[in-house]
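Engineer: The numbering of the sequence shown is the working numbering, which starts it at 444 and goes up by one.
Questions regarding the structure given below will be posed in turn.
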Amino acid sequence: EVVRVWSGRLQLEQQLAKHLHIKEVIIVPGNVDTNTNATMLLSQEAAKYLESILTDEKIVAVTGGSTIASIANFVHETTKWKQLLFIAARGGVGKDVSFQANTIASLFAGKMNGSYRTLYMPDSLSEEAYTTMKKEPFIQEMMDLYERTNIVIHGIGDAEEMARRRNTNEHEIERLKEEGSISEAFGYYFNEQGEAVHRIRTIGIQLKQLQHIEHLLAVAGGAKKAKALLSYFKQAPQQTVLVTDEGAANEMMKII
Ligand code: F6P
């Protein structure tokens, strides 16, 4: 029975990877929407995957969000790494400090004997501020680190939920809807076809930079995220590995 269930999941993993045009899909049992045990399994599996690809002298960029924050709890404490660098994939400040990329980068570094670089800045900059900021040496340094990043660990969210979490005003939320935003990742909002229809004006890793990064680890689960995942993966780089749960996987298969 166990073997049968497991092989069923393996098949689903392969089917999904093929459909999403990505390297690999790893599915954990359960649905994070309703089951805290699934959240733990998702984080554990992502931590395990990260540990399996790590080597020394790597630059690892991490995004914010509750999923990625939780992974840091499951990586094993070690001092074997001497030259690991964790960086925030995007700038951030604000109330929800525990789920910010900056905080998460420092958590990973603390556990794995790495160092970390943070990027504190408002989530949405004015055009002028953005242009000026980009010339600052510490931003240039960060942009250079993004160019040399080896591993990215990132979350994916539902567009409207993310906009609300960011206290986006109703007018802008309406605009996002009109533009057809379905998913959000890296501060970009994507429509059903996977086109980036909107971007939060802040300093961070660029979509085009993801293309040449060796390891992209996307971690997102829950049936509620199925549509968002299908939208994001319409454009995701093919080297991406997705760690998800049965809730999201089954729901995606229903839509496909
Ligand atoms: O805000 C950072 C971020 O990674 C978003 O890009 C993504 O949509 C979201 O967090 C996912 O958050 P959670 O894991 O809490 O659903």
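Positions of the beta carbon are idealized from the N, C-alpha and C atoms, including for glycine.
Given the structure is predicted, the values throughout are model-derived calculations rather than measurements.
With distance defined between alpha-carbon atoms, name the residue in F633, G553, N545 nearest to T522.
Structural biologist: Numbered from its first residue, the sequence shown carries residue 522 at position 79. Here the closest residue by C-alpha is G553.
Engineer: Residues with a Cβ closer than 7 Å to any heavy atom of the ligand F6P, in chain order?
Structural biologist: That gives T506, G507, G508, S509, T510, I511, F542, A544, H597, G598, I599, G600, M605, E627, A628, F629, G630, A663.
Engineer: Given 8 Å as the limit, is there contact between the segment 676-696 and the segment 660-668, that is, 3 or more CB pairs closer than that?
Structural biologist: The segment 676-696, when compared against the segment 660-668, does touch it at the 8 Å Cβ threshold.
Engineer: Please report the distance separating the alpha-carbon of E500 from that of K525.
Structural biologist: Reading the sequence shown from its first residue, position 57 is the one you call residue 500. Reading the sequence shown from its first residue, position 82 is the one you call residue 525. Cα-Cα distance, rounded: 7 Å.
Engineer: Is T506 near L485, with beta carbons less than 8 Å apart?
Structural biologist: Here residue 506 corresponds to residue number 63 of the sequence shown, with the count starting at 1. Here residue 485 corresponds to residue number 42 of the sequence shown, with the count starting at 1. Contact: no.
Engineer: So is A544 in contact with chain C if we call contact Cβ pairs under 8 Å?
Structural biologist: Structure shown: chain C not included; a single protein chain is present.
Engineer: Does DSSP put V540 in a helix, a strand or coil?
Structural biologist: Taking the sequence shown and counting its residues from 1, one reaches residue 540 at position 97. V540 falls in the helix class under three-state DSSP.
Engineer: Which complete alpha helix (DSSP H) runs does the segment 605-649 hold, if anything under 4 residues is left out?
Structural biologist: Counting whole runs of 4 or more residues, the segment 605-649 contains the alpha helix (DSSP H) stretches 613-621.
Engineer: Excluding five sequence neighbours on each side, which residues of the same chain lie with their C-beta closer than 6 Å to the C-beta of Q652?
Structural biologist: On the sequence shown, position 209 is the one that residue 652 refers to. Closer than 6 Å at Cβ, skipping near neighbours: Y589.
Engineer: Could you give the DSSP three-state label for S567: helix, strand or coil?
Structural biologist: Position 124 of the sequence shown, counted from the first residue, corresponds to residue 567. Here S567 sits in coil by DSSP.
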